[in-house]
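Residue numbers (the numbering used here): 2 to 100.
Structure, rendered in C-alpha cells:
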C-alpha cells in the first residue's frame with residue numbers, strides 16, 4: 002500500500018493494489034467505473050460483516066435469555082397456575098346476588 006497525494010471527502014487517500022482472478026465480476030465493469038464500483042463493493046462488504054457481528058451478538062443474548070427462562074419456567078408455570086386458581090372466582094356470588 003502506498004500513500005496517495007489525492008484528497009477525497011475524508012481527507013488523505015491511500016492506494017491498494019490487489020490481485021483478483023481474471024474472471025472476477027469487477028472486470029465486467031467498464032475501466033472508468035471499476036475503481037468506484039470496487040470501493041462500493043468493499044464498503045458494502047464491510048457493512049455486511051458489521052451487521053452479521055451485531056446479529057451474532059443479538060442471537061447470543063436471545064439464547065441466554067431463553068435458557069434463563071427455561072430454568073425459571075417450571076416455577077413460573079406453577080406460580081401462574083396458582084394465580085389462576087386463586088382468581089377463578091373473584092366475585093362473591095352471595096354478595097353479588099344480594100344487590
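Built from N, CA and C at the ideal position, the CB exists for glycine as well.
Keep in mind the model is a prediction, meaning the values are calculated, not measured.
Euclidean distance between Cα positions of residue i and residue j
| i | j | result |
| --- | --- | --- |
| residue 55 | residue 30 | 32 Å |
| residue 66 | residue 58 | 12 Å |
| residue 98 | residue 70 | 43 Å |
| residue 63 | residue 46 | 25 Å |
| residue 51 | residue 44 | 11 Å |
| residue 32 | residue 22 | 16 Å |
| residue 24 | residue 72 | 54 Å |
| residue 60 | residue 93 | 48 Å |
| residue 12 | residue 42 | 21 Å |
| residue 53 | residue 68 | 22 Å |
Extent of the continuous beta strand (DSSP E) to which residue i belongs
| i | result |
| --- | --- |
| residue 15 | 12-16 |
Simplified DSSP state of residue i, which is helix, strand or coil
| i | result |
| --- | --- |
| residue 59 | helix |
| residue 64 | helix |
| residue 98 | helix |
Cβ distance (whole Å) where residue i is taken to contact residue j below 8 Å
| i | j | result |
| --- | --- | --- |
| residue 38 | residue 49 | With 8 Å as the limit, residue 38 and residue 49 do not qualify as a contact, their Cβ atoms being about 16 Å apart. |
Close beta carbons around residue i, own chain, < 7 Å, minus the five adjacent residues each side
| i | result |
| --- | --- |
| residue 35 | 27 |
| residue 95 | none |
Neighbourhood of residue i by C-beta distance below 8 Å, restricted to the same chain and skipping five residues each side
| i | result |
| --- | --- |
| residue 20 | none |
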